[in-house]
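Undergrad: A single structure is presented below for examination.
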Amino acid sequence: MLATGARIGDILALRWADLDLATARPTLTICGTLVFVKAQGFFRQPWTKSDAGYRTVVLPRFAVGMLLARKLDAADNPHDAVFASRRGTWLSPNNVRRQWRQARADTDLAWVTPHTFRKTVATLFNEETNTKNAAAQLGHSSEEVTATYYIAKPVQAPDVSDVLERLGADRNGRPTPREHDDDHG
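Under this note's numbering, think of the first position of the sequence shown as 849, with each following residue one higher.
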């Protein structure tokens, strides 16, 4: 999830056939999601939440290494699932969330959820590239959703004090003398 920004259901629906790890720029195609049907359990729906959700993303090296190691250790399963249960069935997103809560118990990471990874990827893409790339990586059809709900807002305003300094200058651009020592800024 951290390597792609994908939803938990999309990641758990990945099949080995959705990966191309043997190229110079390894990719993962998000082309399905897990859904729960009463009396049937979890199954892979062969489409994503939206049309924009169907996408191919280039994987970072750390993810490729993890996936190659997983492939070596993975037992075959009838679904070709990358993340299968011990019985070869699809993993339940709720069970993965529960295991994640247990794994971070007794740490100061209670705030980190699977969705946190998605927001982290969006924020990083926005900071390093732009909102358009963040939206494309997350599979959003518009930048507005990404900007409103996924990109962290800065807690400190940028340092623009030099711009504001002009407000204290006289008409010739010279700083004006302070008239009162008790000014509050």
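From the three backbone atoms N, C-alpha and C, an ideal C-beta is built for every residue, glycine too.
So Gln893 is in the beta strand (DSSP E); what residue range does that whole segment cover?
TA: Note, Gln893: beta strand (DSSP E), 889-893.
Undergrad: Might you give, ordered along the chain, the residues of its own chain that have their beta carbon closer than 8 Å to the beta carbon of Gln893, omitting 5 neighbours on each side?
TA: Non-local C-beta neighbours of Gln893 in its own chain, meaning closer than 8 Å and more than five positions away in sequence, comprise Ala861, Gly880, Thr881, Leu882, Val883, ordered along the chain.
Undergrad: Out of Leu916, Asn1020, Glu992, Leu939, which has the shortest C-alpha to C-alpha gap to Thr871?
TA: Minimum Cα-Cα distance from Thr871 among the listed residues Leu916, Asn1020, Glu992, Leu939 corresponds to Leu916.
Undergrad: Write down the C-beta distance between Thr979 and Ala995 rounded to the nearest angstrom, noting that I regard them as a contact closer than 8 Å.
TA: 5 Å
Undergrad: Please say whether Phe890 and Trp938 have beta carbons closer to each other than 7 Å?
TA: yes
Undergrad: Between Asp868 and the rest of its own chain, which residues show a CB-CB distance below 7 Å, the 5 nearest in sequence each way excluded?
TA: Pro874, Thr875
Undergrad: Measuring only the C-alpha atoms, how far is Asn943 from Ser1009?
TA: 50 Å
Undergrad: Pick out the complete alpha helix (DSSP H) segments inside the stretch 980-1004, 4 residues or longer, and give them in chain order.
TA: 991-997
Undergrad: Nearest-angstrom Cα distance between Tyr997 and Lys886?
TA: 30 Å
Undergrad: Start and end of the alpha helix (DSSP H) containing Leu916?
TA: 909-921
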